[in-house]
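Residue numbers (this note's numbering): 32 to 228. C-beta: ideal position from N, C-alpha, C; glycine also. Before any comments, here is the structure.
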Amino acid sequence: MSKREQANEELLEKLKGRTTHAIQRYFFSHGVCVSRLDIHRAMRLPEHEPTFLALRPSFAQVNEAIGLLGDIGSLSLPSKEKSMRAVYEIEARLQERHGAVDGLHAALARLDVAMRSVPAQPKLWPHAAWSLLLLMMAYIEWPFALAGLIVFGAGLGKHLKYKRRRADADRAVSEANANFESVAALELTPRVELLER
């Protein structure tokens with residue numbers, strides 16, 4: 032890839048990224064949980080539609096630049112300047128109309144951490160199989176019974192540790208969900224789906 036193609040690719044990513052980031056930040060500030068894929072649905076919400084209708088010329092300029100970069104692979108310098116000015120205007124106007132909700136992004140991050148802390152269920156069948164086999168071998172020699180009890184105890188310990196960690200993780204997820212619900216006014220994209228992206 033030549034330097035010019037790379038610069039055009041970077042400009043394309045910058046135009047898309049900054050525009051969608053500004054829109055998503057705007058909606059988060061209004062308590063609307065929305066992913067980047069559902070932004071167009073959110074822009075049509077009745078209470079937010081006038082804001083985006085006022086920005087229609089700027090969005091048209093950015094979309095035209097994105098289309099040209101995608102189709103042709105390059106933009107003239109004046110077109111680049113116009114499209115970046117349109118991005119600056121979108122960012123500034125949306126910043127002016129930011130809502131009063133604070134902490135939706137932090138609530139999502141906390142929920143993500145809590146959901147990732149849920150432990151995987153341990154495999155207990157090897158402990159059960161070996162302890163059963165060793166207990167059956169106790170008919171041949173009694174020390175096998177002791178070994179079977181030790182293996183069974185290790186499996187039981189693993190199971191109890193999992194139960195404790197699972198209870199702690201469930202409590203953390205419940206608290207994170209409560210925190211998220213206290214901040215989010217509208218969940219346009221389900222929170223779990225948003226965390227998976």
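By the Cβ test, the stretch 99 to 119 is in contact with the stretch 36 to 52, since at least three Cβ pairs between them sit closer than 8 Å.
If you draw a straight line from the Cα of N39 to the Cα of I103, it comes to about 10 Å. Per the coordinates, the alpha-carbon of L187 lies some 10 Å from the alpha-carbon of I181.
Linking S105 to L43 through their CA atoms gives a straight-line distance of about 10 Å.
Rounded to whole angstroms, the separation of the alpha carbons of S66 and T220 is 6 Å. Residue range W156 to M167 is occupied by the alpha helix (DSSP H) that includes W156. Between K154 and the set H190, Y170 and L163, the nearest pair of CA atoms involves H190.
Residue range R87 to D102 is occupied by the alpha helix (DSSP H) that includes Q92.
Annotation: the continuous alpha helix (DSSP H) that includes V204 extends over P174 to V214. Bounds of the alpha helix (DSSP H) holding G48 are K34 to S60. Per DSSP, R75 is not a residue of any alpha helix (DSSP H), being assigned neither H nor E. Across the structure, I70 and Q55 are spaced so that their CA atoms are roughly 7 Å apart. By the neighbour-count criterion, in which 16 or more other beta carbons inside 10 Å mark a residue as buried, V144 falls on the exposed side.
Its chain contains L165, M168 and A169 as the residues whose beta carbon lies nearer than 6 Å to that of F175, once the 5 sequence neighbours on both sides are disregarded; these appear in chain order. E224 has its alpha-carbon roughly 37 Å from the corresponding atom of R35.
Restricting attention to Q37, K45, Y57 and S33, the CA atom closest to the CA of H136 is found in Y57. Contact between A53 and E122 holds: their C-beta atoms lie close to 5 Å from each other, under 8 Å.
Rounded to the nearest whole angstrom, the C-alpha separation of R147 and A200 is 9 Å. The Cβ-Cβ distance between G134 and S60 does not fall below 8 Å. Taking 8 Å as the cut-off, the beta carbon of L142 is found closer than this to the beta carbon of N208.
Here G179 is buried: its Cβ has 16 or more other Cβ atoms, across all protein chains shown, within 10 Å.
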